[in-house]
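Residue numbers (my numbering): 448 to 521. C-beta: ideal position from N, C-alpha, C; glycine also.
Structure below.
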């Protein structure tokens, strides 16, 4: 039993574990803040694209289902 190997620990001391936890938490907070700051621009771009595709799909639906009775321009 004298030659027992201790398991490998990336952070062997309590202090190093606390520091690693604080740094990880801080990194996650920074990442979430960055994502949050860019969310408005991302949503605006998504909405523009979605509206464009929605109009295109609506035009196809109108062409296939409504234009026969209502004419090409409604």
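CA-to-CA distance, residue j to residue i, given in whole angstroms
i: residue 476; j: residue 467; result: 14 Å
i: residue 479; j: residue 493; result: 20 Å
i: residue 518; j: residue 484; result: 47 Å
i: residue 491; j: residue 510; result: 29 Å
i: residue 471; j: residue 488; result: 27 Å
i: residue 516; j: residue 498; result: 26 Å
Under 7 Å between C-beta atoms of residue i and residue j
i: residue 464; j: residue 458; result: yes
Start-to-end residues for the alpha helix (DSSP H) that takes in residue i
i: residue 456; result: Here residue 456 belongs to no alpha helix (DSSP H), and DSSP marks it neither H nor E.
i: residue 516; result: 514 to 517
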